[in-house]
Amino acid sequence: MQDEMQDVVMIDLSAYDLDNDDVREMIHVKYEAEIIGKNMFIKYDGILKQRIHRKLANSAEAHNPNWDVDANGMCVLENRDSFLPDVGIWFQMPTKAERVNPIKERCPLPDVWIEVFYNRDPDRIHALDNIALVQQLNLGIEFVGISLPYSTVVFQQNPNPGIATTPVTPSTNQNIRPTRAPYIIHWNVNSVPVYYKMNWNQHIVLRCGWILDFNIVLNVLAM
């Protein structure tokens, strides 16, 4: 097991019968963890990230009440790899059976997949590895990554609260990851990551039509 200061802990499950869905369900119920290959990944998100997950999910749900929007909802590939996107948007709600027993019933992957991670490894690399793994399947999923500064220093307040947000433009080197957070990654239709710095009173319009307001994230950082 990795040291306790890590944001993501990986545990080797090669000694367990992972071909048995009951074993996987038991692990999911007890640990609420991802199982990818022969490894279990437990994410320690903390209150700050959980608050961001919730507020993003609330915003997406308000945009389209017909969507099924969940924070940390389990989804499963046919090979039994199971994931917990920080925020998942399903344009069509999974069946009751898929929602109750996501592993046995193979709850499908979301149409929009959002990962929120600190700008440090292993949190960052785990989120990006998950996205890269699923992207290989060419399922048409829209991926978004939101990188947060790992710091206990309170983020600067909004200098112009209440004004209308404006569309963001990509960073100067839009295909190069910024060194400092917060920033957002939006994978385009060709699965190429495009990077944007997150500034107050800006937003990005996703392909699904939802306007992701950067103030949602920055307001939590500034608390």
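Per UniProt numbering, the very first residue in the sequence shown carries number 1; after that it's consecutive.
Idealized CB from N, CA, C, for every residue including glycine.
The structure displayed is predicted, hence computed values, not measured ones.
Please report whether the beta-carbon of residue i lies at a distance below 7 angstroms from any beta-carbon of chain C.
i: GLU105; result: No chain C is present in this structure, which holds just one protein chain.
Residue i and residue j look like a contact to me (Cβ under 8 angstroms); what is the Cβ gap, rounded to whole Å?
i: VAL76; j: ILE114; result: About 18 angstroms; that fails the 8 angstroms criterion.
i: TYR196; j: PRO159; result: No, TYR196 and PRO159 are not in contact; Cβ-Cβ is about 19 angstroms, not under 8 angstroms.
i: ARG51; j: VAL220; result: 5 angstroms
i: SER82; j: HIS28; result: 7 angstroms
i: ARG24; j: ILE103; result: 5 angstroms
i: ILE42; j: VAL9; result: 5 angstroms
i: GLN202; j: THR166; result: 6 angstroms
i: SER59; j: ILE216; result: 6 angstroms
What do you get for residue i, buried or exposed, if any count of 16 or more other CB atoms within 10 angstroms of its CB means buried?
i: PRO110; result: buried
i: GLU34; result: buried
i: ASP3; result: Legend: pLDDT at ASP3 = 43, less than 50; position of this residue unreliable, no value from coordinates given.
i: ASP7; result: buried
Pick helix, strand or coil for residue i, following the three-state DSSP scheme.
i: ASN175; result: coil
i: ASP45; result: coil
i: LYS96; result: helix
i: ALA57; result: helix
i: MET74; result: coil
i: GLN50; result: helix
i: ASN130; result: helix
i: ASP86; result: coil
i: ASP111; result: coil
i: ILE27; result: helix
i: GLN6; result: coil
i: ASN188; result: coil
To the nearest angstrom, report how far apart residue i and residue j are at their CA atoms.
i: LEU13; j: ASP45; result: 22 angstroms
i: ASN173; j: CYS107; result: 37 angstroms
i: PRO178; j: ALA222; result: 20 angstroms
i: LYS38; j: VAL168; result: 40 angstroms
i: ILE11; j: ASP21; result: 18 angstroms
i: HIS63; j: LEU137; result: 28 angstroms
i: TRP200; j: LEU56; result: 16 angstroms
i: ALA71; j: VAL116; result: 11 angstroms
i: GLY140; j: PRO85; result: 16 angstroms
i: PHE143; j: SER151; result: 25 angstroms
i: CYS208; j: GLY73; result: 19 angstroms
Short of 6 angstroms in beta carbon distance, which residues of its chain neighbour residue i, apart from the five on each side in sequence? Order them along the chain.
i: GLU105; result: ALA97 and GLU98
i: ILE211; result: HIS203 and VAL205
i: ARG80; result: none
i: ALA15; result: none
Please list, in chain order, all residues of the same chain as residue i whose beta carbon is under 7 angstroms from its beta carbon, the five residues on each side excluded.
i: TRP90; result: TRP67, ASP68, PRO110 and ASP111
i: ALA181; result: ASN119, SER147, LEU148 and PRO149
Excluding the 5 residues flanking residue i on each side, which residues of the same chain have their C-beta closer than 8 angstroms to its C-beta?
i: GLU188; result: Inspection of the sequence shows that residue 188 is occupied by Asn rather than by Glu. Closer than 8 angstroms at Cβ, skipping near neighbours: VAL194.
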